[in-house]
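First to last, the protein sequences are chains A and B. Under the numbering used here, the first residue of the first sequence is numbered -15, with each subsequent residue one higher. Under the numbering used here, the first residue of the second sequence is numbered 91, with each subsequent residue one higher. All C-beta atoms, glycine included, are put in the ideal place defined by N, C-alpha and C. Predicted, not measured: the structure shown is a model, and the values here were computed from it. Below is one structure; the comments refer to it alone.
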Amino acid sequence: MTLGGDDEVLLAPAGECVADVILRLCRLHWRGSPCVFEDADSDRSYPLSDPWVWKVGTASREFFVYRSQEDADLWGMEGVVPPNVNTMFHFLIGDPLPSDARFVEVGFAFDKRTTEIRCFIQDLRSCFLATMTRTLAPEAA
Amino acid sequence: MTVHSLDRATLQAALEKTGSGWLLSYWGQDADKHLDKLVAELKGFVQEYRRRFKETPDLLELVDVNPAKAAAFFQVDTLMASRPMKVMIWRLLLGAEIAELDFQYKAGLGSSFRVQLVSPYGEEETYQSEETSDLRVLRHVGLTGVGAQFMLQGYYAFKGPN
Chain A
-15 MTLGGDDEVL
-5 LAPAGECVAD
5 VILRLCRLHW
15 RGSPCVFEDA
25 DSDRSYPLSD
35 PWVWKVGTAS
45 REFFVYRSQE
55 DADLWGMEGV
65 VPPNVNTMFH
75 FLIGDPLPSD
85 ARFVEVGFAF
95 DKRTTEIRCF
105 IQDLRSCFLA
115 TMTRTLAPEA
125 A
Chain B
91 MTVHSLDRAT
101 LQAALEKTGS
111 GWLLSYWGQD
121 ADKHLDKLVA
131 ELKGFVQEYR
141 RRFKETPDLL
151 ELVDVNPAKA
161 AAFFQVDTLM
171 ASRPMKVMIW
181 RLLLGAEIAE
191 LDFQYKAGLG
201 SSFRVQLVSP
211 YGEEETYQSE
221 ETSDLRVLRH
231 VGLTGVGAQF
241 MLQGYYAFKG
251 PN
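Shown next as structure tokens:
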């Protein structure tokens, strides 16, 4: 799949279920829409109401979230066309950073940096920070 | 792997794989006794879950397919939570959202803990407990910031001093 548009790289805590945090935020972002999840290694998409997504899918390191199955189908057929701009988000969760293994980089790719997307990025940052404050153990003295 | 293979050995392996192996050292010579008690409790949880939702939570499979979520489930706060709260936690791990949460406590009078979830299918579920120790569940609940508001979301491993 060809990715166009723009991207943002954020820091998240290593060893945490980062995909779970992301999916919950996507569900809130597209509240009321039947979002679907697709692992990058598979062509199959699953609705976020499917327990598989939360049990197995959230262990994925690279995945797509579509606003709906219709959007996923349109992406599959036509790629980026005006009706489906920013209806698919692409996430890539990296390995722990060599410089500080407490963190991983999370790549977030989207089509167009709109006000909504800026807010979503801010929300992602905020969620990752909230997760870090709970999960990062203080440095040993 | 299903609940039928949940026994002392498999539970011990699950604790070690999920970072809670320290419990075995803590229990020391009493480890087997505690493991057996925990196995019985977890089997009870599985039965309760199956009774309520007609499906069997596969605790040990979670260790293999999603270690980060398994780490949250096999932490001591979850293992010691009351059975209704264990069910609530499993539902959170499977994507349910927290719609309402109420914890009340008065010294000498005990506590009341009530959580209302909305499943990914949109169904409301209520969980209640009067165990003050269930307060520990709260430190695993995540925060999702949306705009200027934070919402309680998800259930995650606690990696601070445990």
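Between which two residues does the alpha helix (DSSP H) harbouring residue i extend?
i	result
B:Tyr139	121 to 143
B:Leu101	98 to 107
A:Gly63	Looking at the DSSP string, A:Gly63 is not in any alpha helix (DSSP H), and its letter there is neither H nor E.
A:Thr71	Here A:Thr71 belongs to no alpha helix (DSSP H), and DSSP marks it neither H nor E.
B:Thr168	166 to 169
Quick one: Cα of residue i to Cα of residue j, how far?
i	j	result
A:Leu12	A:Leu32	12 Å
B:Gly134	B:Leu225	21 Å
A:Met61	A:Cys19	18 Å
A:Arg109	B:Tyr195	33 Å
B:Ser115	B:Val227	23 Å
A:Ala(-2)	A:Asp79	8 Å
B:Phe193	B:Gln206	12 Å
A:Thr99	A:Val69	13 Å
B:Leu113	B:Leu199	31 Å
B:Pro251	A:Trp59	In this prediction, B:Pro251 scores a pLDDT of 45, lower than 50, which makes its location untrustworthy; the coordinate-derived value is nonetheless stated afterwards. Each residue's alpha carbon lies about 45 Å from the other.
A:Thr71	A:Ser52	8 Å
B:Leu96	A:Pro67	50 Å
B:Leu150	A:Arg102	40 Å
A:Arg28	A:Val49	12 Å
B:Ala247	B:Asp167	10 Å
B:Phe164	A:Phe94	36 Å
B:Leu191	A:Gly41	27 Å
B:Leu233	A:Leu76	21 Å
B:His124	B:Met170	11 Å
B:Val231	B:Gln102	25 Å
A:Leu7	B:Gln119	43 Å
Quick one: is residue i near chain A, going by C-beta distance under 8 Å?
i	result
B:Gln243	yes
B:Val153	no
B:Gly111	no
B:Thr168	no
B:Thr234	yes
B:Ala158	yes
B:Tyr139	no
B:Gly134	no
B:Gly237	yes
B:Tyr195	no
B:Tyr211	yes
B:Tyr246	yes
B:Leu183	yes
Using a beta-carbon distance below 8 Å, is residue i in contact with chain B?
i	result
A:Lys39	yes
A:Leu9	yes
A:Thr98	no
A:Thr42	yes
A:Ala124	Interpretation of A:Ala124 is limited by its pLDDT of 40, a score under 50 that renders its predicted location unreliable; no figure is taken from the coordinates.
A:Gly0	Correcting the residue type first, residue 0 of chain A is Glu in the shown sequence and not Gly. At least one chain B Cβ lies under 8 Å of A:Glu0.
A:Ala85	no
A:Val5	yes
A:Ser33	yes
A:Leu12	yes
A:Ser110	yes
A:Cys103	yes
Ends of the beta strand (DSSP E) at residue i?
i	result
B:Arg181	Counting along the chain, B:Arg181 falls outside any beta strand (DSSP E), though it belongs to the alpha helix (DSSP H) covering 173 to 183.
B:Tyr246	Segment: none, B:Tyr246 is in no beta strand (DSSP E) and carries neither H nor E.
B:Ser201	200 to 208
A:Val20	20 to 23
Please indicate yes or no: does the CB of residue i lie closer than 7 Å to some heavy atom of the ligand NAD?
i	result
A:Pro35	Summarising the ligand content, the structure contains no ligands, and the ligand NAD is consequently not present.
For a test of the three-state rule: what should DSSP assign to residue i, helix, strand or coil?
i	result
A:Val2	helix
A:Lys39	helix
B:Gly232	strand
A:Pro82	coil
A:Glu52	One detail in the question is off: residue 52 of chain A reads as Ser in this sequence, not Glu. Here A:Ser52 sits in coil by DSSP.
B:Gly118	helix
A:Ala93	strand
A:Glu(-8)	strand
B:Ala189	strand
B:Gly157	Per the sequence presented here, residue 157 of chain B reads as Pro, with Gly not at that position. Helix at B:Pro157.
B:Tyr195	strand
B:Gln219	Looking at the sequence provided, one finds Ser at residue 219 of chain B rather than Gln. Of the three classes helix, strand and coil, the one that applies to B:Ser219 here is strand, per DSSP.
B:Ser95	helix
A:Ser110	helix
B:Glu151	helix
A:Glu100	helix
So does the region 201 to 221 of chain B actually touch the region 173 to 185 of chain B, counting three or more Cβ pairs closer than 8 Å? yes
Check whether the region 72 to 90 of chain A touches the region -14 to 2 of chain A, counting contact only when three or more Cβ pairs, one atom from each stretch, lie closer than 8 Å. yes
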